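Chemist:
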Amino acid sequence: MGAWVEFRLLGSVAVVAAQGRELAVGSVKRRSLLTMLLLNPGVPVGVGRLTEAMWDEEPPRHARTVIQNHVSALRALLAAHGAADGGVELVTDGGAYLLRVPDSAVDAGRFEHLVRSARSARDAGESVAALREALGLWRGPALAGTSPSLPLRCAAQALEELRLAAVEELACAYGRLGDHGAAAGVLGTEAALNPLRESLVAALMTALGRAGRRSEALEWFHRTRRALAEQLGIGPGAELAKVHEALLRSDAPPAPAVEAPPSPAPWPFPRRPRGFSGRREELAALDRATASPGAIAVVAGGAGVGKTTLAVYWAHRRQADFPDGRLFVDLCGHSPLPERSTPAVLRELLLALGLPAEQMPHSPEAMAARYRELTAGRRMLIVLDNARTSEQVRPLLPDGEGCVTVVTSRDRLGGLVASDAARPVPLAELSAPQSVTLLADTLGRELVSAEPEAAARLAALCDGLPLALRLAAARVATCPTRGLAALADELADEQGRLGLLDVEDASVAAALALTVQHLSEPARRMFHRLGTHTGATLDSRTAAALAGCALPQAAGALGRLATAHLVVEIGRDAYTLHDLVRLYARSLPLRPGEDDAEALPRLLDHLVNTLLAACAAAEPGSEPCCVPPPGARRPVEVRPFPDRAGALAWYAAERDTLRGAVEAAVAAGLHDRAWRLVLLQWPLIVWQVRDGWVPLLEHGLAAAEADLDPGAQSRARALLGWVLLEEDRPEEALAHLEQAPGLAALADDRTAQAVALANLAVALARYGRGARYGGRARVHGLLTEALALAEQADRADLVALARQHLADQCLAAGDPEEAAHHAARGLALADPPFPVTRRVVLQTLYGRALAATGHPEEAALHLDAALRSARAHQYGDGEAAAHAALRALPAPALPATTAGASAAEPRTGPAGAERAGAGPAGAGRR
Numbered sequence: 001m002g003a004w005v006e007f008r009l010l011g012s013v014a015v016v017a018a019q020g021r022e023l024a025v026g027s028v029k030r031r032s033l034l035t036m037l038l039l040n041p042g043v044p045v046g047v048g049r050l051t052e053a054m055w056d057e058e059p060p061r062h063a064r065t066v067i068q069n070h071v072s073a074l075r076a077l078l079a080a081h082g083a084a085d086g087g088v089e090l091v092t093d094g095g096a097y098l099l100r101v102p103d104s105a106v107d108a109g110r111f112e113h114l115v116r117s118a119r120s121a122r123d124a125g126e127s128v129a130a131l132r133e134a135l136g137l138w139r140g141p142a143l144a145g146t147s148p149s150l151p152l153r154c155a156a157q158a159l160e161e162l163r164l165a166a167v168e169e170l171a172c173a174y175g176r177l178g179d180h181g182a183a184a185g186v187l188g189t190e191a192a193l194n195p196l197r198e199s200l201v202a203a204l205m206t207a208l209g210r211a212g213r214r215s216e217a218l219e220w221f222h223r224t225r226r227a228l229a230e231q232l233g234i235g236p237g238a239e240l241a242k243v244h245e246a247l248l249r250s251d252a253p254p255a256p257a258v259e260a261p262p263s264p265a266p267w268p269f270p271r272r273p274r275g276f277s278g279r280r281e282e283l284a285a286l287d288r289a290t291a292s293p294g295a296i297a298v299v300a301g302g303a304g305v306g307k308t309t310l311a312v313y314w315a316h317r318r319q320a321d322f323p324d325g326r327l328f329v330d331l332c333g334h335s336p337l338p339e340r341s342t343p344a345v346l347r348e349l350l351l352a353l354g355l356p357a358e359q360m361p362h363s364p365e366a367m368a369a370r371y372r373e374l375t376a377g378r379r380m381l382i383v384l385d386n387a388r389t390s391e392q393v394r395p396l397l398p399d400g401e402g403c404v405t406v407v408t409s410r411d412r413l414g415g416l417v418a419s420d421a422a423r424p425v426p427l428a429e430l431s432a433p434q435s436v437t438l439l440a441d442t443l444g445r446e447l448v449s450a451e452p453e454a455a456a457r458l459a460a461l462c463d464g465l466p467l468a469l470r471l472a473a474a475r476v477a478t479c480p481t482r483g484l485a486a487l488a489d490e491l492a493d494e495q496g497r498l499g500l501l502d503v504e505d506a507s508v509a510a511a512l513a514l515t516v517q518h519l520s521e522p523a524r525r526m527f528h529r530l531g532t533h534t535g536a537t538l539d540s541r542t543a544a545a546l547a548g549c550a551l552p553q554a555a556g557a558l559g560r561l562a563t564a565h566l567v568v569e570i571g572r573d574a575y576t577l578h579d580l581v582r583l584y585a586r587s588l589p590l591r592p593g594e595d596d597a598e599a600l601p602r603l604l605d606h607l608v609n610t611l612l613a614a615c616a617a618a619e620p621g622s623e624p625c626c627v628p629p630p631g632a633r634r635p636v637e638v639r640p641f642p643d644r645a646g647a648l649a650w651y652a653a654e655r656d657t658l659r660g661a662v663e664a665a666v667a668a669g670l671h672d673r674a675w676r677l678v679l680l681q682w683p684l685i686v687w688q689v690r691d692g693w694v695p696l697l698e699h700g701l702a703a704a705e706a707d708l709d710p711g712a713q714s715r716a717r718a719l720l721g722w723v724l725l726e727e728d729r730p731e732e733a734l735a736h737l738e739q740a741p742g743l744a745a746l747a748d749d750r751t752a753q754a755v756a757l758a759n760l761a762v763a764l765a766r767y768g769r770g771a772r773y774g775g776r777a778r779v780h781g782l783l784t785e786a787l788a789l790a791e792q793a794d795r796a797d798l799v800a801l802a803r804q805h806l807a808d809q810c811l812a813a814g815d816p817e818e819a820a821h822h823a824a825r826g827l828a829l830a831d832p833p834f835p836v837t838r839r840v841v842l843q844t845l846y847g848r849a850l851a852a853t854g855h856p857e858e859a860a861l862h863l864d865a866a867l868r869s870a871r872a873h874q875y876g877d878g879e880a881a882a883h884a885a886l887r888a889l890p891a892p893a894l895p896a897t898t899a900g901a902s903a904a905e906p907r908t909g910p911a912g913a914e915r916a917g918a919g920p921a922g923a924g925r926r
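Counting in this note's numbering, the sequence shown runs from 1 upward without gaps.
1. Across the stretch 132–141 and the stretch 7–26, are there enough close Cβ pairs to call them in contact, namely three or more that are closer than 8 Å?
2. Let me know if Ser341 comes out buried or exposed under the rule of 16 or more other beta-carbons within 10 Å of its beta-carbon.
3. Out of curiosity, what's the CA-to-CA distance linking Arg497 and Glu429?
4. Residues in the same chain with beta-carbon distance under 6 Å from Gly900, minus the five sequence neighbours each way, listed in chain order, please.
5. Rounded to whole angstroms, what is the Cα-Cα separation between Leu346 and Ile382?
6. Among the residues of its own chain, which have a CB less than 6 Å from the CB of Ala369, if the five just before and after it don't count?
7. Can you tell me whether DSSP reads Val45 as helix, strand or coil?
8. Using only CA atoms, which one of Ser147, Ser409, Glu569 lies nearest to Asp330?
9. Let me make sure I understand the geometry here. Which of Leu114, Leu465, Arg423, Leu427 has the alpha-carbon closest to that of Leu439?
10. What residue range does the beta strand (DSSP E) around Gly571 cover?
11. Which residues share a DSSP beta bridge with Ile685?
12. Are His113 and Asp691 closer than 9 Å when you measure CB to CB?
13. Are the Cβ atoms of Ala203 and Ala246 separated by less than 9 Å?
14. Taking Cβ to Cβ, would you say Tyr584 is nearer than 9 Å to Thr537?
15. Which residues does DSSP pair with Ile234 in a beta bridge?
16. Give the secondary structure of Arg92 by DSSP, where H, G and I count as helix, E and B as strand, and everything else as coil.
17. Under three-state DSSP, which class holds Leu331?
18. Out of curiosity, what's the CA-to-CA distance linking Ala3 and Ala79?
19. In angstroms, rounded to a whole number, what distance separates the CA positions of Gly209 and Trp220?
20. Please list the segments of the alpha helix (DSSP H) lying wholly inside the stretch 114–200, counting only runs of 4 or more residues, in order along the chain.
21. Looking at the structure shown, is Glu57 part of a helix, part of a strand, or coil, going by DSSP?
22. Which runs of the beta strand (DSSP E) fall wholly inside the stretch 811–852 and span at least 3 residues, in chain order?
23. If the criterion is Cβ atoms closer than 9 Å, does the pair Leu351 and Ala357 meet it?
24. What does DSSP give as the partner residues of Leu538 in its beta bridges?
25. With contact counted as at least three CB pairs below 8 Å, one residue from each stretch, are the stretch 300–317 and the stretch 362–377 in contact?
26. Using a Cβ-Cβ distance under 9 Å, would Arg226 count as near chain D?
27. Please report the straight-line C-alpha distance between Val404 and Ala285, rounded to a whole angstrom.
28. For Pro683 versus Leu648, is the C-beta spacing smaller than 9 Å?
29. When you compare each of Pro642, Asp287, Thr375, Glu857 to Arg326 by their alpha carbons, which one comes out closest?
30. Output yes or no for whether 9 Å exceeds the beta carbon distance between Thr515 and Leu603.
31. Taking the alpha-carbon of Arg475 as reference, which of Glu494, Asp463, Glu446, Thr442 has the nearest alpha-carbon?
32. Cα-Cα, which of Ala885, Gly95, Leu90 is closest to Val101?
33. Going by DSSP, what residues sit across from Phe7 in a beta bridge?
34. If you draw a straight line from the alpha carbon of Asp749 to that of His821, how long is it in whole angstroms?
35. So for Ala477, helix, strand or coil by DSSP?
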C-alpha cells in the first residue's frame with residue numbers, strides 16, 4: 001500500500017496499522033475531526049469547518065481548545081505508528097489543519113481509483129473484477145461512528161451515491177457478459193434498500209426479464225409504483241414505465257413450478273409498538289444487515305434501551321417482504337421466567353410452520369433438521385427475542401436464502417457473528433433530541449412544549465433509556481398535578497431516582513437486575529464496586545483501584561460488563577458508565593464476607609497519583625505542589641502521559657470525575673485527599689482560568705482548613721485569589737491573596753510563600769496601586785522577596801517566574817535597564833524542560849526592554865524568536881504580545897523575514913491561556 005497506516009471511511013471510521021491491527025482513535029469528536037481532514041486530503045481545513053463537522057449541536061465555548069487537543073492526540077497516534085514514513089503528515093497551516101496522505105492509504109481513494117479503472121477497462125470481465133474489488137472495500141454505511149453533523153451527513157450521502165452508481169455499473173458489466181442472474185442478484189439487495197430509486201429498479205427489472213424471471217420483474221414494478229404513490233404521491237417515471245411496457249410485450253416463459261411446503265399455521269406476532277419514535281439510523285442499519293440472502297442480524301444493547309421494540313417495529317414495517325409469514329419467540333435469556341429450552345422452542349416453531357403434532361420428531365437434532373427443511377424454500381422472518389448466548393440461538397437458525405433472522409440480546413453474541421456471519425446492529429441510548437421527542441410522542445407535544453427546559457432535564461436524568469423515559473412519562477400522565485419540572489426536581493436526587501422509575505410491573509432496577517444475575521462472580525463484584533466511582537468514564541487502572549485487584553483481572557471484568565452492555569466501550573481501554581446504571585450498582589447489597597469500605601479511599605489515592613503524573617507532564621521541570629497523604633495506597637498502575645497536550649486533555653475530560661471525587665472525599669471526612677484533588681488540577685485551572693473554578697477551589701480551601709494544613713491553605717488561597725482576579729473580582733481576590741504568604745510562612749514552606757507573594761504582587765500591580773496597598777514600591781518589594789525565597793529554596797523555575805514579573809513591573813515603572821537585567825537572568829533559566837510559554841514571555845519582555853534602552857536591532861532578533869516559538873507551539877497570547885512589540889519597533893530594525901511575519905494578524909490562543917508578562921504562579925506554578 002505504501003503507507004504505514006490505512007484509513008477507512010467506507011464503514012466505521014478507523015485507522016489500521018500495517019499489521020492489520022485497528023488503532024484506538026478515540027472519541028466520536030476525534031473521529032469526526034479525522035474524517036473531515038481525510039475528506040479534504042492535502043487541503044487546509046479551518047477551525048470553523050471542523051467545528052461544524054464535530055458538533056451537530058451548539059459547540060462548547062472552548063471548541064478551539066478541544067480541537068487543538070484532538071489534533072495533538074491524532075499527531076501522537078500517527079507518530080507512534082510511523083505514519084510519517086508512509087507519507088502521512090498532520091500539519092498546522094495558519095488557522096487551519098492539513099492532512100497529507102497518499103490516495104492509496106484511504107479506502108475511499110482506492111474505491112474511486114478502482115471505479116475509474118473499471119470504466120476504462122478493455123472488456124466487461126475486467127470491469128466486473130475492478131468493480132467487485134471496489135465494492136468489497138465497503139464495510140457498512142460510510143463515515144459510521146462520527147458526529148451526525150450536516151457536513152458529515154452530506155459527505156456520507158455523496159459516498160453512498162458513488163457506491164450505488166458503482167453497483168449499477170457492475171450490473172451493467174454482468175449484463176454485457178450475459179450473466180443476467182448475477183446482475184439481478186447485485187441489484188436486488190440495493191433495490192430493497194432504496195425502493196424509490198427508479199433507475200435502480202428499472203435496471204433490476206431489465207436484468208430479471210433477461211434472466212427469464214418476468215413475474216418477479218413485474219412484481220418489482222407494482223411494488224415500486226405503490227411506494228411512489230404512498231410516499232411521494234407520484235407515478236412511475238418514463239424509464240420505469242418503458243421497461244414495464246417492454247416486459248408486458250415479452251414472450252419470456254414463466255418460472256417453473258416449485259412444490260410448496262406445508263402451509264404455516266396462524267401464529268401470534270406482537271402488535272406494532274405504540275409511541276415509537278426516532279431510531280431512523282438504527283432502522284436503516286437493520287435494513288442493511290438483513291439485505292443479503294439468509295441474513296442474520298443481532299440487535300444488541302443494554303437493559304431498557306428498546307431492542308425488542310425496534311425489532312418488532314421493523315418487522316411490521318417490512319411485513320410485505322415476508323409473504324410466508326413472521327415468527328416471534330421469546331427465549332427468556334434475561335427474564336424473570338425460566339430460560340426456554342431448545343427442544344421447547346423448536347417444537348413451537350415447527351407447529352407454527354404447519355407441522356402436525358403427530359409428525360413431530362422426537363430428538364432435538366431431528367427437530368432442528370426438520371425445522372431447517374421446512375424453512376429452506378420459504379421467505380420468512382424469524383425474530384428470536386431476548387437471547388442470552390450464541391449457543392442458545394444456533395439450533396434455531398432457519399435454512400435457505402429466503403429467510404431472515406433477527407436476534408435481540410443484551411450480549412453482543414460475538415460467537416454468532418464469528419461462526420454464522422451474523423451482522424451486529426448495536427442499539428445505544430437515545431440522543432437528547434430523540435429523548436425529548438419520545439416524551440412528546442408519549443405525553444403530547446403541547447405538554448412538552450409548555451416546559452421545554454424541564455423536558456430536556458428529564459431526558460438527561462433518564463440517560464436516554466426508552467424504558468426510563470416511558471416510566472417517567474407514566475409518572476406524569478398518572479398524576480395530572482405533577483408537571484415535568486416537578487418530576488425532574490425529584491429525579492435530580494440520586495437517592496430516590498431509581499425508586500421513581502418504578503411503575504407497577506416495570507422498573508429500570510428490575511431490568512438491570514436481570515442482566516446482573518447472569519454475570520460471572522468477578523464481573524459482578526466489579527460492577528458493584530463501580531457504584532463508588534465518581535464519574536462517567538473510567539479505564540482498567542481506575543477499575544483495578546476500585547476493586548482492589550490486579551490490572552488483567554480488572555480489564556477482563558470490564559470487558560465482560562461491556563459485552564453485557566452494563567458499561568459502554570468508547571475507545572481502547574476507555575469505558576463510560578451511565579448514571580442510572582451506576583446508581584443501581586451502588587444500590588446492590590453486599591454479600592456475606594464482602595466489604596467495600598476501602599473502595600473510595602483506593603479510588604481517591606489512585607486519582608491523586610494520576611494527577612501527580614499529569615502535573616509532571618503538563619508542567620515539565622516543576623516540582624509537585626504536594627505529595628500523597630500519609631498512608632496513601634499505591635495504585636496498581638498510573639496512567640502515562642506522553643506530553644503536555646495529552647495531560648491537559650485528560651484533565652479536561654476527567655473534570656467532572658475529579659469534582660465528584662472531591663465531594664465524595666469531603667463527605668467521607670477524607671479532607672487530606674480532598675484538597676490535594678483540587679490543588680493538583682492547577683495546570684488546567686491556570687490554562688482555562690475563566691472557566692468557573694471558584695466553587696471547586698472554595699471546596700479545596702475548606703478541606704485544607706479542616707485538615708489544619710496551613711501550607712495547603714496558602715496554596716489554595718493563592719490559586720483561588722488568582723482565579724477571582726481573572727474573573728474581575730479584585731476585592732475578593734486580594735482578601736485571599738493577602739492571607740496566603742502568612743499561612744505559607746506558618747508552614748515554613750518557602751516555595752508556597754514565594755508563589756503567594758508573586759501572585760499578590762501581580763494582583764496589586766493590576767488593581768491595587770492606591771496608598772491603601774502601598775503602590776509600586778510594595779509590588780517591587782513583594783516580588784524581590786519572592787525572588788529571594790525562590791533562590792533560597794533552590795527553585796530555578798520559581799526564580800525565572802519571579803524575574804519575569806520583576807521585568808514586567810520594571811518596564812511599567814519606566815526602568816528598562818533593570819527590566820532587561822531580570823529578563824536576561826530569567827531567560828538563562830528558562831530552557832527545557834520548563835514550558836515553552838515561559839521562555840516566550842521572558843524573551844518578549846527582554847526584547848521590549850532592549851528596545852527601550854536603545855538597542856532596536858537586538859530587540860528585533862529576540863522578539864522575532866519569541867514570535868516564531870509561540871507560533872510553533874500554538875501559544876496565541878504569546879504570539880500576540882511578541883507581534884505587538886515587533887510592530888512598535890522602528891521599521892529599519894526589523895529583519896526582512898520578521899517584517900513579513902509580523903504583518904499578519906495574531907491568532908487567538910486557547911481560552912484562559914497565560915498572558916504575556918502577567919502569568920500566575922498558581923498552586924504550584926513554577
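We put the beta carbon where it would ideally sit given N, CA and C, even for glycine. Given the structure is predicted, the values throughout are model-derived calculations rather than measurements.
Modeler: Inspection of the coordinates gives the following:
1. When Cβ pairs closer than 8 Å are counted between the two stretches, the stretch 132–141 is seen to touch the stretch 7–26, the count reaching three or more.
2. That one is exposed.
3. Spanning the two alpha carbons is a distance of roughly 18 Å.
4. Confidence at Gly900 is low in this model, with a pLDDT of 40, below 50, so the placement of that residue is unreliable and no value is reported for it.
5. Going by the C-alpha atoms only, they are around 12 Å apart.
6. Cβ within range, chain order: n/a, list empty.
7. Val45 carries a strand assignment under DSSP once its states are collapsed to helix, strand and coil.
8. Sorting Ser147, Ser409, Glu569 by C-alpha distance to the C-alpha of Asp330 places Ser409 at the top.
9. Of the candidates Leu114, Leu465, Arg423, Leu427, the one whose C-alpha sits nearest the C-alpha of Leu439 is Leu465.
10. It spans 568–571 - the beta strand (DSSP E) in which Gly571 sits, taken as one unbroken run.
11. DSSP, once it has assigned bridges, lists no residue as partnering Ile685.
12. At least 9 Å separates the beta-carbon of His113 from that of Asp691.
13. Ala246 is positioned such that its CB atom lies no closer than 9 Å to that of Ala203.
14. Contact flag unset, no.
15. Under DSSP, Ile234 shares a beta bridge with no residue.
16. It is Thr, not Arg, that sits at residue 92 in the sequence shown. Per DSSP, reduced to three states, the secondary structure at Thr92 is strand.
17. Here Leu331 sits in coil by DSSP.
18. Its pLDDT being 46, under 50, Ala3 is placed unreliably in this model, and the coordinates cannot settle the point.
19. Taking C-alpha positions only, Gly209 is separated from Trp220 by approximately 11 Å.
20. Within the stretch 114–200, the complete alpha helix (DSSP H) runs of at least 4 residues are 124–136, 150–177, 180–193.
21. Reduced to three states, the DSSP call for Glu57 is coil.
22. When DSSP assignments are scanned along the stretch 811–852, no uninterrupted stretch of beta strand (DSSP E) that is 3 or more residues long falls wholly within it.
23. Against a cut-off of 9 Å, the Cβ pair of Ala357 and Leu351 comes out as a contact.
24. Its beta-bridge partners are Tyr575.
25. At 8 Å Cβ cutoff, the stretches do not touch.
26. No chain D is part of this structure, which consists of one protein chain only.
27. If you take the alpha carbons of Val404 and Ala285, they lie about 14 Å apart.
28. With contacts defined as CB atoms closer than 9 Å, Pro683 and Leu648 qualify as a contacting pair.
29. The shortest C-alpha separation from Arg326 is found at Thr375.
30. Their beta carbons are not under 9 Å apart, which means Thr515 does not touch Leu603 by this criterion.
31. The residue with the shortest Cα to Cα distance from Arg475 is Thr442.
32. Of the listed residues, the one whose Cα sits closest to Val101 is Leu90.
33. Note: Phe7 sits in a beta bridge opposite Val15, Val106.
34. Whole-angstrom Cα-Cα distance: 28 Å.
35. In the three-state scheme derived from DSSP, where H, G and I count as helix and E and B as strand, Ala477 is classed as helix.
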